[in-house]
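Have a look at the structure below before the remarks.
Chains as they are written, first to last, in this note's numbering: chain A, 1 to 370; chain B, 371 to 694.
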């Protein structure tokens with residue numbers, strides 16, 4: 001990938017990503033048009049669904065939380081030029097960490113302590129699922145893309161096995177654990193507001209969102225303000241240069257994948273501790289994959305990731321509204337938009353560069369030394 | 371003993387049925403990756419073409435038109451992949467992933483708009499599908515003990531695409547290793563500069579490779595929806611594209627070993643289904659999830675170099691630019 005050297009920063013990190021996003025929406029609009037619905041009306045329904053109805057902003061922010069964690073996970077790996085497609089599996093296994101901690105301890109010790117341990121559990125289990133592909137890449141030369149894909153499937157099989165055969169609540173059919181005890185979990189904002197006498201609409205929006213913001217800030221510190229972050233970015237720019245600079249490449253890869261997996265694992269706290277209050281099948285619902293789109297759009301920077309998570313949160317929440325308003329378009333439309341965003345903001349990220357460069361220099365500025 | 375034999379026969383029968391789409395996709399992967407283009411998008415192209423095959427067949431009544439459309443649609447998806455990562459030098463993994471997610475969204479969205487059945491296509495009658503072909507002299511050979519069953523259940527009695535997939539393996543082998551096209555293809559994946567110096571267009575070679583790959587995925591998709599199955603269901607490719615990818619790596623990017631890897635993975639799935647709820651001697655019941663995960667586990671172990679070494683084509687994943 002070749003970032004343009006000729007354009008000012010605001011064009012290359014602001015305008016071009018925005019044009020790519022517009023292209024993705026434009027193509028989605030064409031699909032809606034061919035289906036026989038009005039694209040503008042669909043957008044209006046989605047915006048209303050995401051922001052206007054009571055509780056809808058809460059839902060949007062609840063989805064946003066998942067995408068921040070998943071996006072940061074992918075982004076950290078990208079900084080080291082590693083492609084972690086395994087966020088989905090790492091989040092899923094992170095959920096196992098939450099589940100095991102809660103099931104083992106919630107009867108015996110203080111529920112606040114259990115919650116904190118469960119949050120750690122999600123990160124540790126997620127990290128474990130990320131560190132194996134990292135280790136295999138660093139020490140055995142396995143391609144991390146392939147290994148993380150395989151680990152997604154292995155995680156899915158493992159979780160089905162455990163949920164159906166081992167940690168299922170006895171005497172029930174659906175593969176999920178018993179509810180965690182009362183008091184264990186992350187408080188939902190509407191309950192917190194009620195406690196202070198403020199009444200807001202019910203939604204699954206919970207304090208994991210604020211944990212996600214804190215983690216985002218930590219991410220920024222880690223990548224741009226620490227020695228480790230410097231090593232990670234050097235490795236991302238050139239492995240050879242990193243080696244000559246005395247950076248332990250294998251160690252950095254393993255650590256990056258551990259932290260990346262841990263970040264993905266945190267998706268589980270929003271879902272399980274914030275909403276479901278038990279471990280259940282398929283709770284990750286593709287959020288790990290959406291994290292890839294989020295990281296690409298957000299250019300691997302916490303602020304960009306926050307904004308693109310918000311966009312995807314709005315798309316997911318707005319997408320559910322499509323089901324109610326239209327007979328022929330459904331929330332799967334969002335999957336289509338997501339695919340197009342990955343295509344235009346990721347694979348075709350620099351398609352528009354030559355075009356924009358031409359316009360920019362023809363109409364705005366003479367090139368410095370042509 | 372005879373019962374044991376019957377079980378083996380039916381296992382082999384389902385192995386072949388399960389392996390067919392894997393074989394098409396794995397061959398597709400070989401073409402693409404031998405030219406230096408990573409193809410994570412096998413899954414999406416298969417899903418897309420399964421949908422197109424079923425829809426077009428339902429609308430026209432002809433499975434042949436359905437098959438043709440599936441191949442064209444999947445070839446078109448490959449052109450998008452090529453445009454992104456050959457012409458625009460984009461990231462190949464990201465582009466493939468985009469195609470997979472795009473295919474999931476597009477098939478369901480268009481499916482609901484066209485048929486209003488929650489993303490499924492209407493089921494197809496037997497005259498609208500590729501039905502099993504019975505080989506000649508079946509009744510005669512059937513009388514031979516043991517071999518009769520083998521002949522009628524394992525060798526004969528599959529639809530045309532099953533036989534076509536085996537043909538595809540040999541055609542792939544021939545094209546990749548015995549023609550000048552194949553020599554160039556492999557060279558483009560190992561040392562594109564050398565091919566460029568020889569006056570052959572790297573861009574053109576890679577486009578040809580990904581389009582062939584797309585068309586093969588089209589056959590896999592058509593197999594799922596208008597041959598093996600009788601219509602399209604949401605997410606019906608169900609990770610098969612990734613298993614095919616694993617099989618290709620397992621077969622070290624060579625057609626014949628890859629065929630055996632596909633058959634092995636097909637057999638594991640067939641066996642897993644068979645062993646569901648069966649108590650085995652000493653081991654006890656083998657969890658079906660373990661059998662499902664086994665192809666992925668084996669591939670991870672192989673890639674880590676614990677059983678032989680899988681080496682990808684030298685220039686894989688690297689966009690080619692003349693300036694170097």
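For glycine and all other residues, C-beta sits at the position ideal for the given N, C-alpha and C.
Please state the DSSP three-state secondary structure of residue 143 (chain A).
DSSP places residue 143 (chain A) in coil when its eight states are reduced to three.
Measure the Cβ-Cβ separation of residue 48 (chain A) and residue 321 (chain A) and say whether it is below 8 Å.
yes
Does the beta-carbon of residue 692 (chain B) have 16 or more other beta-carbons within 10 angstroms, so that it is buried, or is it exposed?
exposed
Between residue 149 (chain A) and chain B, is the shortest Cβ-Cβ distance under 8 Å, so that the two count as touching?
yes
At least one CB of chain A closer than 8 Å to the CB of residue 471 (chain B): is that the case?
yes
Listed by chain order, chain B residues near residue 299 (chain A) by CB distance under 8 Å
Ordered by position in chain B, no residue passes the 8 Å Cβ test against residue 299 (chain A), which lies about 13 Å from the chain.
Give me the subset of the stretch 452-471 of chain B whose CB atoms are less than 7 Å from a CB atom of chain A, sorted by chain position.
454, 455, 458, 460, 461, 463, 464, 465, 467, 468, 471
In three-state DSSP terms, what is residue 494 (chain B)?
coil
Kindly identify the DSSP beta-bridge partner or partners of residue 280 (chain A).
A:176
Interface partners of residue 352 (chain B) on chain A, CB under 8 Å
Missing from the structure shown is residue 352 (chain B); chain B here goes from 371 to 694 and no further.
What does the alpha-carbon distance come out to for the pair residue 339 (chain A) and residue 104 (chain A)?
A straight-line Cα-Cα distance of about 40 Å links residue 339 (chain A) and residue 104 (chain A).
Contact between the stretch 528-544 of chain B and the stretch 502-520 of chain B (3+ Cβ pairs under 8 Å)
With the cut-off at 8 Å, the stretch 528-544 of chain B and the stretch 502-520 of chain B touch.
Selected residue, minimal CA-CA separation from residue 622 (chain B), among B:432, B:403, B:443, B:476
B:403
Assuming residue 651 (chain B) is part of the alpha helix (DSSP H), what are its boundary residues?
Unbroken run through residue 651 (chain B): none, as it is neither H nor E.
For residue 578 (chain B), which of helix, strand or coil comes out of DSSP?
helix
Identify the contact partners of residue 330 (chain A) in chain B, using a Cβ-Cβ distance below 9 Å as the criterion.
Simply 478, 479, 482, 488, 489.
Quick one: grab the DSSP three-state call for residue 528 (chain B).
strand
Can you give me, in chain order, the residues of the stretch 50-61 of chain A that have a beta carbon less than 9 Å from any beta carbon in chain B?
none
Consider the Cβ of residue 1 (chain A): report whether some Cβ of chain B lies at a distance smaller than 8 Å.
Because the pLDDT at residue 1 (chain A) is just 42, under 50, the model does not fix this residue reliably, and the value given afterwards should be weighed accordingly. Yes, residue 1 (chain A) counts as interfacial toward chain B.
Mind listing the chain B neighbours of residue 339 (chain A)? Cutoff is C-beta to C-beta under 8 Å, in chain order.
468, 469, 470, 471, 472, 473, 474, 475, 476
Step through the CB atoms of chain A and report whether any lies within less than 8 Å of the CB of residue 669 (chain B).
yes
Which residues does DSSP pair with residue 206 (chain A) in a beta bridge?
A:188
Counting C-beta neighbours from all protein chains within 10 Å, is the total for residue 373 (chain A) 16 or more, i.e. buried, or is it exposed?
Residue 373 (chain A) lies beyond the range of chain A shown here (1 to 370); nothing can be said about it.
Partner residues on chain B for residue 74 (chain A), Cβ-Cβ distance less than 8 Å
Listed along chain B is no residue with a C-beta nearer than 8 Å to that of residue 74 (chain A); the closest approach is about 11 Å.
Could you check whether residue 216 (chain A) and residue 68 (chain A) sit closer than 8 Å to each other, using their CB atoms as the reference points?
yes
For residue 364 (chain A), return the contacting residues in chain B, with the cut-off set at a CB-CB distance below 8 Å.
The contacting residues do not exist; residue 364 (chain A) stays about 24 Å from chain B at best.
Take residue 148 (chain A) and list the residues in its own chain whose beta-carbon comes closer than 6 Å to its own, dropping the five residues that flank it on each side.
84, 85, 86, 133
Report the neighbours of residue 653 (chain B) on chain A: residues whose CB is nearer than 8 Å to its CB, in chain order.
Here the premise fails: no neighbours, minimum Cβ distance about 15 Å.
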